[in-house]
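Student:
Numbering (the working numbering), first residue to last: 743 to 845.
#1: Can you tell me which of the three DSSP states residue 797 falls into?
#2: If you reduce the DSSP assignment to three classes, tell me which class residue 759 lands in.
#3: Quick one: which unbroken alpha helix (DSSP H) runs of 4-plus residues sit fully inside the stretch 799-831? Chain order, please.
#4: Taking its Cβ as the centre, do 16 or more other Cβ atoms sit within 10 Å of residue 812, making it buried, or is it exposed?
#5: Quick check: the Cα distance between residue 759 and residue 766, rounded to an integer number of angstroms?
#6: Look at residue 795 and residue 823 and say whether their C-beta atoms are less than 8 angstroms apart.
#7: Alpha carbon to alpha carbon, how far is residue 832 from residue 819? Give it in angstroms, no decimals.
#8: Below 8 angstroms on the Cβ atoms is my contact criterion, and I expect residue 691 with residue 809 to pass it. Report the Cβ-Cβ distance as a whole number of Å.
#9: Determine the DSSP secondary structure at residue 833, reduced to helix, strand or coil.
#10: How many Å lie between residue 773 and residue 763 at the Cα?
Encoded structure:
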């Protein structure tokens, strides 16, 4: 691809960590939307406040409904809880302990 064809220059954007380190109590103007540009509660209401739950055992068997739930969770939430994954409780406990020690 030839350089400079139709592409504008990017603005330098500091990392989030750098912004917080410099001033943890302010948000740069470019990230603030006017009230009318923000989604209303009515626009957000179709989304449940519950994190999507994906049953891995059903997903592994090719269950179409579970695949749709996974697609929805990825597209609309960006994360989900996985159950029936077969990981032993002892392993999960060790992971949670390591996580607590990390943070």
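For glycine and all other residues, C-beta sits at the position ideal for the given N, C-alpha and C.
Tutor: So, from the listed chains and residues:
#1: strand
#2: helix
#3: 806-818
#4: buried
#5: 9 angstroms
#6: yes
#7: 29 angstroms
#8: Summary: the structure shown does not reach residue 691, with the chain confined to residues 743 through 845, and so no result is reported for it.
#9: helix
#10: 17 angstroms
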